[in-house]
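What follows is a set of notes on a single structure, which appears directly below.
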Amino acid sequence: MSRGESPSQLDASASGSTGRKPKRNWWRRWGEETFTAYLFLLPSFLVFAAFTFFPVIFSLVICFYRWNLPRQPVYIGLDNFKWLFTDPIDAPVFRQSVFNSFYYSLGGIPLNMAIALLLALFLNRQLRGVELFRTAYFLPTITSTVAVSVVWMWIYHPADYGLLNSLLLKLGLSLQSWLRDPHLAMPALIAMGVWKGMGYNVIIFLAGLQNIPSRLYEAAEIDGAGAWTKFWKITWPLLGPTTFYILVIAVINSLKAFAQMHVMTQGGPLGRTTTIVYYLYQQGFETFRMGKASAVAAVLFALLLVLTFIQFKVVGSRVHYD
Amino acid sequence: MTSRVELRPATRPRLLRRPRETAFAIFWYVFLSCAAVIVMMPYIWMLSTSLKGTEEIFTYPPTWIPQKWHFHNYVDAWNSAPFGRYFFNSLFVAVIVTVGQLITCSLAAYAFARMEFKGKNVAFALFLSTTMISAQVTLIPSYLLLKELDWLDTYMALTVPFLASAFGIFMLRQAFMTIPKDLEDAAKIDGCGRLRFLVQVILPLSKPMLASQALFAFMGNWNSYLWPLIVTTSKHLRTLQIGLHYFVGQEGGTQWGVFMAATVFVSVPVVLFYFLIQKSFVEGIALTGIRG
Numbered sequence: 001m002s003r004g005e006s007p008s009q010l011d012a013s014a015s016g017s018t019g020r021k022p023k024r025n026w027w028r029r030w031g032e033e034t035f036t037a038y039l040f041l042l043p044s045f046l047v048f049a050a051f052t053f054f055p056v057i058f059s060l061v062i063c064f065y066r067w068n069l070p071r072q073p074v075y076i077g078l079d080n081f082k083w084l085f086t087d088p089i090d091a092p093v094f095r096q097s098v099f100n101s102f103y104y105s106l107g108g109i110p111l112n113m114a115i116a117l118l119l120a121l122f123l124n125r126q127l128r129g130v131e132l133f134r135t136a137y138f139l140p141t142i143t144s145t146v147a148v149s150v151v152w153m154w155i156y157h158p159a160d161y162g163l164l165n166s167l168l169l170k171l172g173l174s175l176q177s178w179l180r181d182p183h184l185a186m187p188a189l190i191a192m193g194v195w196k197g198m199g200y201n202v203i204i205f206l207a208g209l210q211n212i213p214s215r216l217y218e219a220a221e222i223d224g225a226g227a228w229t230k231f232w233k234i235t236w237p238l239l240g241p242t243t244f245y246i247l248v249i250a251v252i253n254s255l256k257a258f259a260q261m262h263v264m265t266q267g268g269p270l271g272r273t274t275t276i277v278y279y280l281y282q283q284g285f286e287t288f289r290m291g292k293a294s295a296v297a298a299v300l301f302a303l304l305l306v307l308t309f310i311q312f313k314v315v316g317s318r319v320h321y322d
Numbered sequence: 323m324t325s326r327v328e329l330r331p332a333t334r335p336r337l338l339r340r341p342r343e344t345a346f347a348i349f350w351y352v353f354l355s356c357a358a359v360i361v362m363m364p365y366i367w368m369l370s371t372s373l374k375g376t377e378e379i380f381t382y383p384p385t386w387i388p389q390k391w392h393f394h395n396y397v398d399a400w401n402s403a404p405f406g407r408y409f410f411n412s413l414f415v416a417v418i419v420t421v422g423q424l425i426t427c428s429l430a431a432y433a434f435a436r437m438e439f440k441g442k443n444v445a446f447a448l449f450l451s452t453t454m455i456s457a458q459v460t461l462i463p464s465y466l467l468l469k470e471l472d473w474l475d476t477y478m479a480l481t482v483p484f485l486a487s488a489f490g491i492f493m494l495r496q497a498f499m500t501i502p503k504d505l506e507d508a509a510k511i512d513g514c515g516r517l518r519f520l521v522q523v524i525l526p527l528s529k530p531m532l533a534s535q536a537l538f539a540f541m542g543n544w545n546s547y548l549w550p551l552i553v554t555t556s557k558h559l560r561t562l563q564i565g566l567h568y569f570v571g572q573e574g575g576t577q578w579g580v581f582m583a584a585t586v587f588v589s590v591p592v593v594l595f596y597f598l599i600q601k602s603f604v605e606g607i608a609l610t611g612i613r614g
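Residue numbers (our numbering), protein chains in the order written: chain F, 1 to 322; chain S, 323 to 614.
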């Protein structure tokens with residue numbers, strides 16, 4: 001159908017129907033539209049209201065109560081926060097959990113992003129079979145964290161028949177107890193996290209790379225630029241928004257990690273893999289202290305907000321958006 | 323139409339004429355293959371162990387190809403826990419959430435994309451703000467709410483909280499906005515109501531976005547762990563992920579052949595599903611990732 005046809009058709013049907021329709025009051029029509037729109041928003045709104053807005057407000061209230069299930073809540077003011085930050089026994093545990101969360105995030109993200117970018121650069125070529133490689137790298141991302149954790153527990157098995165230990169033995173190194181070693185447990189979780197999370201970032205980097213116009217590279221080639229110069233002068237600056245996006249998502253996601261700690265280490269050994277979320281889980285669902293757990297959640301929420309803000313300020317200002 | 327991100331390289335295809343380029347190509351393949359082997363190693367190890375007998379599992383050095391194939395591990399794994407029930411639970415919950423989300427998101431996205439109403443911007447900002455709140459932050463109050471509703475340890479707890487998605491609304495809104503306004507005017511004049519227009523015109527035209535939205539909802543729900551862990555306690559309500567965790571945790575950690583067999587049949591459906599729809603899935607990620 002040619003483009004010229006549709007308006008005339010529309011006019012014809014419009015003139016045909018004006019006679020039948022009663023003249024509508026603009027206000028009435030507007031009111032009807034508003035009503036219908038809110039009706040359409042209602043199902044989503046109800047779910048958000050019950051499971052996002054209400055919980056956010058409610059958690060601000062619970063923070064100020066001692067609420068140890070199944071007992072009734074008791075108002076205690078700021079005691080939960082005092083306990084988190086100054087209690088001689090529990091405050092160091094909480095500080096350790098904050099440290100562990102950042103250790104997990106910052107330990108994994110740079111490596112994850114570097115490998116993902118490298119793989120994306122390699123995949124950004126017109127070669128046969130590229131899609132097959134892409135599929136392979138992405139597989140860990142879609143496999144459930146629990147399944148992956150069980151497999152890696154077996155890889156990290158402390159005996160000589162554990163896959164990683166058998167490799168160490170072949171290289172003439174001594175056995176390690178990996179997930180049971182206080183110094184190695186977190187690096188082991190980080191290594192698994194890099195393996196699991198990388199594929200997602202490869203896809204995002206790849207999409208970012210393909211948004212860079214090829215004429216820029218062609219122009220640079222005419223000017224005699226080498227691969228190294230092209231990367232640092234064209235690819236890296238123009239990939240800024242993508243890198244920034246990946247960084248934000250990666251920090252937030254790694255701060256939220258839970259399943260691998262719960263399946264593989266239960267927060268141990270010696271609390272070395274107890275992250276903030278894991279600590280929250282312990283307070284809330286192992287000892288059922290709802291007030292204390294809510295105070296931990298409030299700290300986590302504040303951290304996530306501050307991080308997002310800092311990233312927007314610091315990284316955002318250096319990113320080229322064009 | 324919906325703009326889709328093509329993941330094919332932008333560079334024009336070139337024949338490998340010169341030896342220098344051939345050498346480069348070989349280098350690419352070797353590098354990418356090595357990386358692929360490393361990435362696939364845990365899967366191969368999982369499959370290999372799942373077919374080994376107990377003695378072979380505990381021998382050093384470990385073997386990659388089982389000397390004797392013990393398919394019986396799979397039968398043992400399936401029979402030692404109600405995995406059939408776990409499968410049903412995971413599937414049931416994921417389907418309810420996916421279908422429910424598509425309905426609520428389509429309605430809301432239509433209102434935001436196609437209608438003018440008072441407070442639209444405020445409502446949109448309010449909806450989008452929910453993406454800032456992660457489930458971990460609201461875990462405790464949500465749990466207490468479910469407890470008060472007496473929904474703990476029911477399918478309601480596993481499904482109802484996920485029946486809306488701000489992200490889904492946002493993405494569908496983007497797709498709906500690309501559909502020409504003329505179409506709607508014409509339909510309205512023909513006496514077509516908003517709901518009918520949404521169902522009969524907009525949704526069929528937004529199939530790619532609906533599909534990728536459905537995929538995200540399904541996968542996210544199928545793989546979720548923390549929420550089902552805290553809101554369910556009885557065995558018959560466990561999802562596959564929770565079931566696998568308890569199965570491996572209970573046995574004291576020695577029957578690795580059986581554990582790996584269970585892990586294979588827990589992860590293989592998702593992997594197969596992914597192979598079937600991987601193109602649209604990967605394109606969906608690229609698209610939402612860049613826009614989101």
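Backbone N, C-alpha and C fix where the C-beta goes; we use that ideal spot for every residue, glycine too.
**Report entry** Asn-401 (chain S), DSSP secondary structure in three states
**Finding:** helix
**Report entry** 8 Å Cβ shell around Ile-387 (chain S) - same chain, five flanking residues per side excluded
**Finding:** Ser-370
Query raised in the report: When the Cβ atoms of the segment 457 to 469 of chain S are set against those of the segment 557 to 572 of chain S, are three or more pairs found closer than 8 Å?
Result: no
Requested in this report: Output the distance between the C-alpha atoms of Trp-67 (chain F) and Val-415 (chain S), rounded to the nearest integer angstrom.
Outcome: 31 Å
Requested in this report: Measuring only between beta-carbons, confirm whether Trp-391 (chain S) sits less than 9 Å from chain A.
Outcome: Judged by its chain identifiers, the structure shown contains no chain A, and its protein chains are F and S.
Requested in this report: Would you list the one or two residues that DSSP bridges to Arg-289 (chain F)?
Outcome: F:Asn-68
Query - Helix, strand or coil at Val-74 (chain F) according to DSSP, with G and I counted as helix - result: strand
Query - Cβ-based contacts, 7 Å cut-off: residues of the segment 57 to 90 of chain F near chain S - result: Phe-58, Ser-59, Ile-62
Query raised in the report: Which residue spans inside the segment 464 to 550 of chain S form an unbroken beta strand (DSSP E) run of at least 3?
Result: none
Query raised in the report: How would you list, in chain order, the residues of chain S whose beta-carbon sits under 8 Å from the beta-carbon of Asp-160 (chain F)?
Result: Tyr-382
Requested in this report: Please say whether Asn-211 (chain F) and Leu-247 (chain F) have beta carbons closer to each other than 9 Å?
Outcome: no
**Report entry** Span of the alpha helix (DSSP H) around Gln-577 (chain S)
**Finding:** First-last for Gln-577 (chain S): undefined, no H or E at that position.
**Report entry** Contact check, Asn-112 (chain F) vs Gly-197 (chain F), beta carbons under 9 Å
**Finding:** yes
Query raised in the report: Between the segment 250 to 258 of chain F and the segment 94 to 105 of chain F, do three or more beta carbon pairs fall short of 8 Å?
Result: yes
**Report entry** Length of the line joining the Cα atoms of Ala-298 (chain F) and Leu-84 (chain F)
**Finding:** 11 Å
Query raised in the report: Are at least three pairs of beta-carbons, each pair with one atom in the segment 587 to 606 of chain S and one in the segment 395 to 405 of chain S, less than 8 Å apart?
Result: yes
Query raised in the report: Would you say Pro-110 (chain F) reaches chain S, if we count a Cβ-Cβ gap shorter than 9 Å as a contact?
Result: no
Query raised in the report: Do three or more CB pairs link the segment 62 to 76 of chain F to the segment 276 to 294 of chain F at distances below 8 Å?
Result: yes
Query raised in the report: So Leu-118 (chain F) is in the alpha helix (DSSP H); what residue range does that whole segment cover?
Result: 90 to 123
Query raised in the report: Roughly how many angstroms lie between the CA atoms of Val-56 (chain F) and Tyr-281 (chain F), to the nearest whole one?
Result: 17 Å
Query - Selection from F:Val-251, F:Leu-132, F:Val-47, F:Asp-160 that minimises the alpha carbon distance to Asp-108 (chain F) - result: According to the sequence as given, residue 108 (chain F) is Gly; it is not Asp. Nearest of F:Val-251, F:Leu-132, F:Val-47, F:Asp-160 to Gly-108 (chain F), Cα basis: F:Val-251.
Query raised in the report: Are at least three pairs of beta-carbons, each pair with one atom in the segment 502 to 510 of chain S and one in the segment 481 to 491 of chain S, less than 8 Å apart?
Result: no
Report task. Measure the alpha-carbon distance for Tyr-382 (chain S) versus Ser-166 (chain F) and round it to whole angstroms. Result -> 7 Å
Query raised in the report: Does the distance from the C-beta atom of Gly-565 (chain S) to that of Phe-353 (chain S) stay below 9 Å?
Result: no
Query raised in the report: What residue range is occupied by the uninterrupted alpha helix (DSSP H) comprising Trp-154 (chain F)?
Result: 145 to 155
Report task. Compute the beta-carbon to beta-carbon distance between Val-151 (chain F) and Met-368 (chain S), rounded to the nearest angstrom, for a pair I have assumed lies under 8 Å. Result -> 5 Å
Query raised in the report: Using a C-beta to C-beta distance shorter than 7 Å, which residues of chain F count as neighbours of Glu-438 (chain S)?
Result: Glu-33
**Report entry** Leu-532 (chain S) versus Leu-175 (chain F): straight-line alpha-carbon distance, rounded
**Finding:** 51 Å
Query raised in the report: Going by alpha carbons, who is nearest to Trp-323 (chain F) out of S:Ala-358, S:Tyr-596, S:Met-499, S:Leu-551?
Result: Nothing about residue 323 (chain F) can be read from this structure; chain F reaches only from 1 to 322.
Query raised in the report: Quick one, are the C-beta atoms of Val-74 (chain F) and Ser-149 (chain F) less than 9 Å apart?
Result: no
Query raised in the report: Are the C-beta of Ser-456 (chain S) and some C-beta of chain F separated by less than 9 Å?
Result: yes
Query - Expected contact under 8 Å - CB spacing of Thr-274 (chain F) and Gly-199 (chain F) to nearest Å - result: That pair is no contact at about 27 Å.
Query raised in the report: What do you reckon, are the CB atoms on Leu-168 (chain F) and Trp-154 (chain F) nearer than 9 Å?
Result: no
Requested in this report: Using a cut-off of 8 Å between C-beta atoms, extract the partners of Trp-367 (chain S) located in chain F.
Outcome: Val-151, Trp-154, Ile-155, Leu-163
Query raised in the report: If you compare alpha carbons, which of F:Phe-51, F:Cys-63, F:Pro-110, F:Phe-81 is closest to Ile-455 (chain S)?
Result: F:Phe-51
Query - Any C-beta of chain F under 9 Å from that of Cys-514 (chain S) - result: no
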